[in-house]
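Novice: My questions will all concern the structure given below.
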Amino acid sequence: MEAKYHVTNITICNDCMHPFTQGQWWRKDSFSPARPGVNSKSIAGVKENIHELKMAVGGRFGPLIGAIDEGTSSARFLVFAANTGEVLTYHQVEILQHCPREGWVEQDPMDILSAVKDCMDKAVDNLHKLDIDPADIKAIGITNQRESTIIWDPKSGKPLNNAILWLDVRTTDTVDQVLAQVRDHNQNYLKPLCGLPVSTYFSALKVRWLMDNVPQVKQAMKEKSCYFGTVDTWLIWNLTGGKDGGLHITDVTNASRTMLMNIKTLKWDNTLCKFFGIPMEVLPDIRSSSEIYGYITEGSLQGVPISGCLGDQQSALVGQMCFKKGQAKNTLGTGAFMLYNTGTAVVHSNHGLLTTVAYRMGKDAAPVYALEGSVAICGVIMKWLRDNLEIIDNVTDTHKIAEETSRAGKVYFVPAFAGLYAPYWRKDARRCVIG
């Protein structure tokens with residue numbers, strides 16, 4: 001299923017300056033700029049303001065927005081026309097995953113950073129080829145894989161370990177050790193504070209594992225001389241200066257996935273941090289999802305502000321315009337994630353869903369919350385079919401195979417490569433084929 005962007009606004013045709021309404025799906029894989037689709041129905045009361053609107057648009061495409069999309073398997077940088085939502089260009093780089101043991105999934109944080117920088121530079125090169133001025137990029141937003149955990153030395157800028165990705169299950173024993181402190185081993189013991197069950201999925205368990213198993217992390221935590229961050233924090237710190245004054249911050253949606261933030265106060269919670277034995281001094285400052293955090297300090301986009309940040313699934317909720325209570329989206333990628341907007345109320349599920357922050361659009365804005373149903377393994381199954389079972393050469397082969405297969409046979413596949421997430425939260429579940 002190809003993901004797309006939807007925009008709805010009032011804008012001006014770049015060729016004839018005729019006002020039109022636009023609510024059109026724009027393909028992500030668009031490289032060359034294409035003229036937007038035009039609805040010939042004029043908007044009453046706008047014609048007399050053509051000149052003012054033209055001045056606001058400026059240039060061929062008007063102000064541009066850059067978007068860093070750092071996912072589980074790749075990084076991308078996309079450039080949008082702010083007035084229309086059209087993707088003018090993008091560049092994408094695959095990021096190697098390391099699986100040194102069964103259930104372990106890592107990435108080198110330096111590879112993540114290098115891929116993002118490369119995507120930004122190549123996208124700017126594309127703009128030059130399209131005769132579009134990169135100086136028209138007025139702001140950059142970040143969306144990122146959530147929960148993945150990085151610990152680094154702020155003096156050297158070097159990671160103390162590879163990033164432990166969100167679907168990594170090495171913390172299975174850590175979960176058991178943590179729950180041994182809790183009466184009846186209640187997995188939902190901390191849910192009233194953070195909205196999340198104790199699971200291999202979330203950052204706090206990954207940090208705890210690093211403290212218990214990596215001596216240099218243990219020592220740095222003891223000395224409070226390291227920084228912790230999810231991928232957004234790592235990128236923002238490096239892009240805004242790194243060891244020379246980089247900003248150690250995260251946004252509220254990413255913070256809500258750590259098990260360390262109080263879901264109501266939106267601050268790091270002393271009780272949660274003590275429960276996991278993580279010093280609060282190593283944690284980033286929590287910011288809203290929409291504000292100017294800082295500025296790119298080097299490279300082809302030096303001086304451009306970073307002014308927005310959302311975890312990838314919250315970003316999808318916003319991208320699908322689910323701004324009203326009761327609206328929901330489901331996104332299929334490496335995993336599958338349903339988010340349901342619950343408005344400004346914190347709603348706790350009795351049926352295995354997570355309570356998370358959907359977004360907070362500004363320092364003074366009220367937070368909006370969501371219920372989330374998370375499935376760890378979805379699209380990544382295709383890679384397993386290709387690289388492990390070797391029954392397909394490429395993903396498109398699956399459609400043909402499915403059509404050729406008899407529907408009479410009742411064969412079921414449970415893809416529990418990382419246990420089972422919502423609603424079961426069974427870390428001990430294993431993949432199986434039945435039938």
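Residue numbers (UniProt numbering): 1 to 435.
Backbone N, C-alpha and C fix where the C-beta goes; we use that ideal spot for every residue, glycine too.
All figures in this text were calculated on a predicted structure; none of them were measured in a lab.
Assuming contact is defined by CB atoms lying nearer than 9 Å, are H248 and P154 in contact in what I supplied?
Specialist: For the purposes of this step, residue 248 is taken as residue 248 along the sequence shown, with counting starting at 1. For the purposes of this step, residue 154 is taken as residue 154 along the sequence shown, with counting starting at 1. Cβ atoms of H248 and P154: closer than 9 Å.
Novice: Within 10 Å of its beta-carbon, does T8 have 16 or more other beta-carbons around it, so buried, or fewer, so exposed?
Specialist: Taking the sequence shown and counting its residues from 1, one reaches residue 8 at position 8. A caution first: T8 carries a pLDDT of 30, below 50, which makes its placement in the model too unreliable to give a value.
Novice: So which of Y412, I263 and S289 has the shortest CA-CA distance to A345?
Specialist: By one-based count along the sequence shown, residue 345 stands at place 345. Taking only the C-alpha atoms, the option nearest A345 is I263.
Novice: Assuming C309 and D251 are in contact, meaning their beta carbons sit under 8 Å apart, how far apart are those beta carbons, in whole angstroms?
Specialist: Along the sequence shown, read from residue 1 onward, the residue named residue 309 stands at position 309. Along the sequence shown, read from residue 1 onward, the residue named residue 251 stands at position 251. That pair is a contact at about 4 Å.
Novice: For the beta strand (DSSP E) containing G66, name the first residue and the last one.
Specialist: Translated into the one-based positions of the sequence shown, residue 66 becomes position 66. It spans L64 to E70 - the beta strand (DSSP E) in which G66 sits, taken as one unbroken run.
Novice: If you check the beta carbons only, do Y421 and Y201 fall under 9 Å apart?
Specialist: Translated into the one-based positions of the sequence shown, residue 421 becomes position 421. Translated into the one-based positions of the sequence shown, residue 201 becomes position 201. Result yes, Cβ atoms of Y421 and Y201 sit closer than 9 Å.
Novice: Which one of D173, D176, T171 and A81 has the shortest CA to CA distance from G137?
Specialist: Here residue 137 is taken as the residue at index 137 of the sequence shown, counted from 1. The sequence shown places Ile at residue 137, rather than the Gly named in the question. Nearest C-alpha to I137: A81.
Novice: Got a sec, what are the start and stop residues for the beta strand (DSSP E) A328 sits in?
Specialist: The sequence position of residue 328 within the sequence shown is 328, counting from 1. Per DSSP, A328 belongs to the beta strand (DSSP E) from A328 to L332.
Novice: Excluding the five sequence neighbours on either side, which residues of its own chain have a C-beta within less than 6 Å of the C-beta of H98, listed in chain order?
Specialist: Residue numbering aside, residue 98 sits at position 98 when the sequence shown is read from its first letter. Only E106 meet the Cβ criterion.
Novice: Return helix, strand or coil for S156, following the three-state DSSP convention.
Specialist: Residue numbering aside, residue 156 sits at position 156 when the sequence shown is read from its first letter. S156 falls in the coil class under three-state DSSP.
Novice: What is the DSSP secondary structure of V116, counted as helix, strand or coil?
Specialist: Locating residue 116 in the sequence shown gives position 116, where the first residue counts as 1. Here V116 sits in helix by DSSP.
Novice: According to the Cβ coordinates, are E94 and S74 closer than 9 Å?
Specialist: Within the sequence shown, numbered from 1, the residue matching residue 94 stands at position 94. Within the sequence shown, numbered from 1, the residue matching residue 74 stands at position 74. Result yes, Cβ atoms of E94 and S74 sit closer than 9 Å.
Novice: Should the region 138-151 be called in touch with the region 202-214, which here means at least 3 C-beta pairs below 8 Å?
Specialist: Output reads yes: the region 202-214 touches the region 138-151.
Novice: So, W152 versus G229, is the Cβ gap smaller than 9 Å?
Specialist: Translated into positions along the sequence shown, residue 152 becomes position 152. Translated into positions along the sequence shown, residue 229 becomes position 229. Yes, they are a contact pair.
Novice: Give the single residue among D428, V433 and W425 whose Cα lies nearest to the Cα of Y412.
Specialist: Sequence index remark: in the sequence shown, residue 412 carries index 412 (1-based). Residue V433 is the option with its Cα nearest to Y412.
Novice: Given this structure, state the Cα-to-Cα distance separating V46 from T84, to the nearest angstrom.
Specialist: Locating residue 46 in the sequence shown gives position 46, where the first residue counts as 1. Locating residue 84 in the sequence shown gives position 84, where the first residue counts as 1. At V46, the pLDDT of 35 sits below 50, so the modelled position is not reliable; the number obtained from the coordinates is stated separately. Near 17 Å, if we compare the C-alpha coordinates of T84 and V46.
Novice: Are the region 287-305 and the region 230-241 touching by the rule of at least three beta carbon pairs closer than 8 Å?
Specialist: Contact between the region 287-305 and the region 230-241 is present, because at least three Cβ pairs lie under 8 Å.
Novice: When the Cα atoms are used, what is the spatial distance from N213 to T174?
Specialist: If you number the sequence shown from 1, residue 213 lands on position 213. If you number the sequence shown from 1, residue 174 lands on position 174. Between N213 and T174, the C-alpha separation is close to 11 Å.
Novice: Among E102, K117 and V282, whose alpha-carbon lies nearest the alpha-carbon of E70?
Specialist: The sequence position of residue 70 within the sequence shown is 70, counting from 1. For the residues E102, K117 and V282, the minimum Cα distance to E70 belongs to K117.
Novice: Would Q313 and T331 qualify as a contact pair, given that the criterion is a beta-carbon distance under 9 Å?
Specialist: Locating residue 313 in the sequence shown gives position 313, counting from the first residue. Locating residue 331 in the sequence shown gives position 331, counting from the first residue. Cβ distance < 9 Å, so Q313 and T331 count as in contact.
Novice: Which residue from L272, D121 and V347 puts its Cα closest to that of K325?
Specialist: Taking the sequence shown and counting its residues from 1, one reaches residue 325 at position 325. Out of L272, D121 and V347, V347 has the C-alpha closest to the C-alpha of K325.
Novice: R287 lies in the beta strand (DSSP E); which residues open and close that run?
Specialist: Counted from its first residue, the sequence shown places residue 287 at position 287. Unbroken beta strand (DSSP E) run through R287: D285 to R287.
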